[in-house]
Each structure stands twice: as structure tokens, then as C-alpha cells.
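Novice:
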Amino acid sequence: MDLPRRVNTDPRRALPSIHRLTEALLERNSEIPRWAASEAAQRVVTEARRVLDASAGGEEARQNDPGGNQIWLDQALRLAQQIARPRPQTVINATGVVLHTNLGRAPMAPGAAEAAARAADSYTDLELDVEDGRRGDRLAGAAERLRLLTGAEAAYVCNNNAAALVLALNTLAEGREVVVSRGELVEIGGSFRVPEIMERAGVQLVEVGSTNRTHLRDYADAIGPQTAMLLKIHRSNFEIRGFVKEVGLAELVGLGATHGVHVVEDLGSGTLVDLGRHGFPAEAFVPSRLAEGPDLVCFSGDKLLGGPQAGIVVGRAAPIAAMRKNPLARALRLDKMSLAALDWTLTAYLDGRAEQQVPVLKQVLLPPELHEARTRAFAKQLLEAAQPLGPTVEFEVVRDRVPVGGGSLPGFELESWGLAIRGPGGADALASRLRGSLPPILARVRDGMLLIDLRAVDESQTPSLLKSLAAALH
495 MDLPRRVNTD
505 PRRALPSIHR
515 LTEALLERNS
525 EIPRWAASEA
535 AQRVVTEARR
545 VLDASAGGEE
555 ARQNDPGGNQ
565 IWLDQALRLA
575 QQIARPRPQT
585 VINATGVVLH
595 TNLGRAPMAP
605 GAAEAAARAA
615 DSYTDLELDV
625 EDGRRGDRLA
635 GAAERLRLLT
645 GAEAAYVCNN
655 NAAALVLALN
665 TLAEGREVVV
675 SRGELVEIGG
685 SFRVPEIMER
695 AGVQLVEVGS
705 TNRTHLRDYA
715 DAIGPQTAML
725 LKIHRSNFEI
735 RGFVKEVGLA
745 ELVGLGATHG
755 VHVVEDLGSG
765 TLVDLGRHGF
775 PAEAFVPSRL
785 AEGPDLVCFS
795 GDKLLGGPQA
805 GIVVGRAAPI
815 AAMRKNPLAR
825 ALRLDKMSLA
835 ALDWTLTAYL
845 DGRAEQQVPV
855 LKQVLLPPEL
865 HEARTRAFAK
875 QLLEAAQPLG
885 PTVEFEVVRD
895 RVPVGGGSLP
905 GFELESWGLA
915 IRGPGGADAL
925 ASRLRGSLPP
935 ILARVRDGML
945 LIDLRAVDES
955 QTPSLLKSLA
965 AALH
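Going by my numbering, the residue at position 469 of the sequence shown is 963; the numbering climbs one at a time, nothing skipped.
#1: Excluding the five sequence neighbours on either side, which residues of its own chain have a C-beta within less than 7 Å of the C-beta of A811, listed in chain order?
#2: Determine the DSSP secondary structure at N587, reduced to helix, strand or coil.
#3: Which value, in whole angstroms, describes the spacing of the CA atoms of A744 and T665?
#4: Between L659 and E907, what straight-line distance do the alpha-carbon atoms span, to the nearest angstrom?
#5: Is K726 helix, strand or coil when you go by DSSP?
#6: At what residues does the alpha helix (DSSP H) containing D712 begin and finish?
#7: Whose CA, out of K856, A570, Q564, R506, lies closest to the CA of P527?
#8: Using 10 angstroms around the beta-carbon of Q576, count the other beta-carbons present and answer buried if the total reaches 16, otherwise exposed.
#9: Between the C-alpha atoms of L828 and R895, what's the straight-line distance to the nearest angstrom?
#10: Counting pairs of Cβ atoms below 8 Å between the stretch 917-924 and the stretch 937-955, do you hit three or more?
#11: Ignore the nearest five residues each way along the sequence and tell me which others in G552's own chain have a CB closer than 6 Å to its CB.
#12: Do you know offhand how far G630's Cα is from T618's?
#13: To the nearest angstrom, how far is it from the Cα of E525 to the Cα of L515?
#14: Evaluate D789 with the Cβ neighbour count: other Cβ atoms within 10 Å of its Cβ, from every protein chain shown; 16 or more gives buried, anything less gives exposed.
#15: With the cut-off set at 8 Å, would you say C792 and A662 are in Cβ contact?
#16: Nearest CA to the CA of E517: which residue from A508, Q536, R507?
#17: Cutting at 8 Å between CB atoms, please list the residues of its own chain near S782, excluding the five before and the five after it.
#18: If you draw a straight line from the C-alpha of A751 to the C-alpha of V807, how long is it?
#19: Put Y617 into one of helix, strand or coil per three-state DSSP.
#20: I need the DSSP call for I806, collapsed to helix, strand or coil.
#21: Helix, strand or coil, according to DSSP, for K739 in the structure here?
#22: Helix, strand or coil for P813 per DSSP?
#23: Find out if the Cβ-Cβ distance for the pair V680, R729 is shorter than 8 Å.
#24: I want to see whether chain D comes within less than 8 Å of R916, judged by CB atoms only; does it?
#25: Can you grab the Cα-Cα spacing for the pair A530 / A950, in whole Å?
#26: If you check the beta carbons only, do N985 and G764 fall under 8 Å apart?
#27: Return the chain-ordered list of same chain residues with a C-beta closer than 7 Å to the C-beta of A614, the five sequence neighbours on each side being excluded.
#28: Can you name, in chain order, every residue of its own chain whose Cβ lies under 8 Å from the Cβ of L519, other than the five neighbours on each side?
#29: Taking only three categories from DSSP, how would you classify F793?
#30: Spatial neighbours of L826 within its chain, please: C-beta separation below 7 Å, excluding the five flanking residues on both sides.
#31: By DSSP, does D894 sit in helix, in strand, or in coil?
#32: On the premise that T708 lies in contact with E671, defined as a C-beta separation below 8 Å, what is that separation, rounded to the nearest angstrom?
#33: Taking C-alpha atoms, which residue in L724, F686, G912 lies nearest to E701?
#34: Assign V780 to one of two classes, buried (16 or more other C-beta atoms within 10 Å of its C-beta) or exposed (fewer than that).
#35: Who are M943's beta bridge partners in DSSP?
#36: Which residue wins for smallest C-alpha separation from I691, given the options I727, G718, P904?
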């Protein structure tokens with residue numbers, strides 16, 4: 495279909511109708527859904543009219559003419575393709591950051607994804623006891639597995655860790671005071687800050703200590719008739735060094751017991767594998783935190799645990815029973831697909847299969863020598879696939895250090911290997927071309943070179959990465 499020819503007067507008269515631009519789009523590319531073509535056409539025509547209206551339709555309008563029919567069609571085509579693409583879409587994570595928050599954190603194990611799919615496309619016994627035919631407890635399976643894995647009296651699961659903290663605060667301390675060290679009043683991402691979350695939970699924050707030093711006496715001095723909880727919060731994405739002092743969890747537990755107030759730890763990224771055995775910081779190991787005696791420990795399901803997004807609470811039976819009865823619990827509950835994936839993941843831990851089958855653990859615990867060998871093999875493949883190389887292209891295998899990501903193990907970096915590439919147009923241009931690949935590829939720019947780290951790239955994704963990277967180098 496031909497669009498109306500431009501008229502050399504007021505450029506606004508040349509604007510196509512939304513209907514005609516939609517039809518032209520569908521004629522150009524029949525795979526674009528009509529709804530996406532129509533939306534793209536409306537946006538492009540509206541924006542073109544806005545630009546032309548702003549320039550009053552005279553000589554200034556002709557100078558600001560967005561470019562005419564063909565350019566409008568090209569713009570609408572690109573926009574329609576963006577609108578129609580699946581979201582979220584699969585990407586290749588070549589940054590080396592295992593728990594990349596912007597990329598969805600932990601990829602689940604294939605078995606966990608299959609369990610979620612089975613729950614999604616069929617009926618389940620989600621809230622049914624099949625033995626007696628009565629209503630069942632949707633969290634019974636997850637709670638049982640978590641008790642076995644952590645040694646807790648009870649366990650509870652909701653839809654994310656921030657929700658778990660809100661529910662614990664609202665249940666145990668609504669209308670009362672919660673004492674927190676100033677050095678732990680963190681921002682957890684997306685501009686959400688702990689003090690604001692506490693306010694929404696209906697509790698009164700009492701700050702103690704200073705940013706870098708908090709003593710046990712600071713907590714003790716803050717406890718009064720309205721105190722309901724001592725809250726310890728894991729610092730995500732940063733650490734404080736130098737002249738510092740913080741109160742350990744066991745000390746807080748002792749103080750809480752003396753005064754009859756709850757002690758809760760928001761661990762953030764907890765793990766059910768003792769990473770200390772592998773030379774990692776050990777503070778994220780949930781069973782060891784529980785052994786220090788807090789009432790509750792909260793942590794995420796989709797960080798170091800390697801499962802679906804979930805907020806997991808383990809600890810004493812009485813406060814967890816109270817949380818279950820809170821009306822907020824229904825608003826924050828986990829869906830059947832996530833529960834199925836979590837069940838598979840927790841069972842893998844119980845069976846001793848987690849380090850071999852949970853992708854996050856495999857990536858974090860990847861031996862450096864194996865990572866180096868894979869990177870060098872990939873570099874050799876790329877050298878062959880990208881021929882002939884232009885004079886501006888060069889690459890080398892280099893040592894690298896990357897954070898785990900997702901607020902996990904702040905200050906700790908993994909020893910890694912990467913392929914540093916210098917390509918046409920510079921590193922930023924090369925990174926942009928890779929983001930435009932199908933699937934999009936995310937890498938890092940360091941010292942003026944593009945860095946490809948294969949740590950979080952699944953073997954099944956290697957051919958796509960190789961093909962797109964070779965194409966981007968020309």
C-alpha cells in the first residue's frame with residue numbers, strides 16, 4: 495500500500511492517517527500483530543504532529559519535519575517490533591554477574607522450571623489434602639522441607655523478601671517500636687528504603703548508634719515499654735570498613751531475651767549451602783544464623799538459594815503462626831507455579847544435588863581453571879567464526895573479578911576470566927550492537943574494551959553468543 499505523497503506546503507498536511515500507516519506497516523511486515531501496528535502508528539503520528547504543531551506549520555515547521563512518509567513508516571516499524579516482542583524476553587548474561595538484578599536474578603534449574611510448568615498447565619492439590627478430601631495447607635510442603643534444611647521450628651513463604659519483612663513487622667510490632675542500627679538502614683533497590691518499608695508496615699523506627707559504630711548499650715538504652723523488636727538487617731551491595739563496630743546477632747538475642755522483645759534478622763540473600771567450606775564469607779548460611787537464636791530469619795528465594803522469587807521466613811513456631819493469621823498474608827502469598835519450583839529446589843538441597851543442579855551454585859562455585867579453559871576455547875572459536883577480522887579488531891583472554899550480585903556477599907568478588915574485545919566503533923558501540931541481537935546479549939565495558947565473561951552463560955547459549963558476536967565485529 496502506498497502512503498499519501500508529501501505536499502510541499504505545511505508538513506502537517508502530509509501526515510498519514512493512523513489507519514493508513516497501520517495498513518502500510520502490515521503490508522511491510524505481515525508478522526507484526528495488528529494491535530502492535532496500530533499502537534505504533536498512533537504513537538508515531540501523534541509525536542510527528544506534536545513536533546510540527548510546536549513549530550507552527552511555517553518555515554520552521556518544514557525545518558522540523560520528522561522526515562516524511564518513509565521515515566514515519568520506518569519509525570513505526572521499529573516501534574511495532576518493540577511493542578510486539580515478548581516481555582520479559584530471554585537474554586544472554588555475559589557480564590559474569592551471577593545474580594544480576596536487572597536480568598531477573600537467579601535462573602532456575604531446568605527441573606524447577608519443569609515443575610512450575612506442570613503446575614501451570616494442570617490442576618494441583620495446592621490447597622487440598624488428597625487423603626481425606628478436606629482443605630489443605632498450601633505451604634505445608636515448603637515448610638516441611640525448610641524445617642528439615644534449617645533446623646527451624648517452623649517456616650513460612652510469601653512472594654518476596656521485602657514482603658516477608660513487612661509481614662513480620664506488621665504481625666509482631668504494629669503500633670510499637672522497632673530498634674535498628676543506623677548503619678543498617680539500607681536502600682534495597684528501586685529507591686525503596688527500609689525506614690519507608692517500616693512506616694508502611696505500621697511500626698515506629700528507633701535508630702541507634704552511628705553510621706559506622708553501634709554498641710550493645712545503644713540497643714539497651716533504646717528499649718522501653720513500647721519496644722517490640724530488635725531488627726538486624728543485612729547490608730546489601732556495600733560494606734563499611736575502618737573504624738567500625740556492630741553488634742553480633744547472638745548479642746542481640748541475649749539482649750532481647752532479657753527484655754522480652756523479638757529479635758529478627760533480615761538476611762537478604764541467604765543460602766542453604768555452607769559457602770564457608772569453599773572459601774566464601776559464611777554469614778549468609780541460614781542454619782548458622784538460626785543457631786544463634788533469633789525469633790525469625792528472613793531471606794530471598796531467588797538469590798543464593800537459586801530458586802523462584804519468594805520471601806522465606808524460618809524460626810520459632812509462635813511468631814510464624816501469628817504471621818500466617820495476619821490478613822496481609824493472603825495478599826502476599828506465593829502462587830502455585832512458584833511453590834512448585836521452590837519445592838523442586840528445596841528437594842535438590844535435601845537430596846544433596848544442589849551444587850550440581852542449581853545454576854547459581856554451579857556458577858558461583860565454578861573452578862577458575864575450568865572457567866579459564868572454557869574462555870580460551872571460546873576465544874579460539876570466535877577467531878575462526880569472525881574471519882576476516884578488520885584491522886581495528888583485537889581480543890585477548892584476561893583475568894577478571896566480579897561481584898556475585900543481588901546484594902549477596904557485599905565486598906566479596908569472584909576470581910573470573912573474560913574475553914576482552916576491541917571492535918569497530920569502540921566498546922560502547924559494540925555493546926549496543928550486542929544488545930540489539932536476538933536474543934539480546936549483555937556484556938560489560940572495562941578499560942575501553944568489551945568484556946565477555948562466560949560464567950553465567952549456559953552451554954546451550956554459546957552458539958548464539960558466538961554467532962552474534964562474530965556478526966557484531968564486522
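Cβ atoms here follow ideal geometry from the backbone N, Cα and C, with glycine treated the same way.
Specialist: If we stick to the structure as given:
#1: Excluding residues up to 5 positions away in sequence, E647, A648 lie with their Cβ nearer than 7 Å to the Cβ of A811 in the same chain.
#2: DSSP, reduced to helix, strand and coil, places N587 within a strand of the structure shown.
#3: Using only the alpha carbons, I get a separation of about 23 Å.
#4: Each residue's Cα considered, the two are about 27 Å apart.
#5: Strand, per DSSP.
#6: For D712, the uninterrupted alpha helix (DSSP H) segment begins and ends at 710-716.
#7: Minimum Cα-Cα distance from P527 among the listed residues K856, A570, Q564, R506 corresponds to A570.
#8: Classification of Q576: exposed, given that the 10 Å Cβ count is below 16.
#9: Rounded to whole angstroms, L828 to R895 spans 35 Å at the Cα level.
#10: In short, these stretches touch, since the Cβ pair count reaches three.
#11: In this prediction, G552 has a pLDDT of 47, which is less than 50 and means its spatial position is unreliable; nothing more can be read from the coordinates.
#12: Cα to Cα, the separation comes out at about 12 Å.
#13: Near 16 Å, if we compare the C-alpha coordinates of L515 and E525.
#14: Result: buried.
#15: In contact: C792 and A662 (Cβ atoms closer than 8 Å).
#16: Comparing Cα-Cα distances from E517 to each of A508, Q536, R507, the minimum goes to Q536.
#17: Correct list, in chain order: D768, A776.
#18: Those two C-alpha atoms are separated by around 20 Å.
#19: Coil, per DSSP.
#20: Annotated three-state conformation of I806 is strand, per DSSP.
#21: Note: K739 maps to strand in three-state DSSP.
#22: DSSP, reduced to helix, strand and coil, places P813 within a helical segment of the structure shown.
#23: It is a contact, given that the beta carbons lie within the stated cut-off.
#24: Considering every chain present, this structure includes no chain D. It has just one protein chain.
#25: Cα to Cα, A530 sits roughly 33 Å from A950.
#26: The requested residue 985 does not occur in the structure, where the chain is confined to residues 495 to 968.
#27: Excluding sequence neighbours, A614 sits near M831.
#28: The residues are I526, A531, A534, A535, L567, A570, L571, A574.
#29: Here F793 carries a strand assignment [DSSP, helix/strand/coil].
#30: Taken in chain order, the residues that qualify are C652, N653, A657, L661.
#31: Residue state, collapsed to three classes: strand.
#32: Contact flag wrong, Cβ pair sits at about 16 Å.
#33: For the residues L724, F686, G912, the minimum Cα distance to E701 belongs to L724.
#34: By the 10 Å Cβ count, V780 comes out buried.
#35: DSSP output for M943 lists R940 as bridge partner(s).
#36: Distances from the alpha-carbon of I691 to those of I727, G718, P904 put I727 closest.
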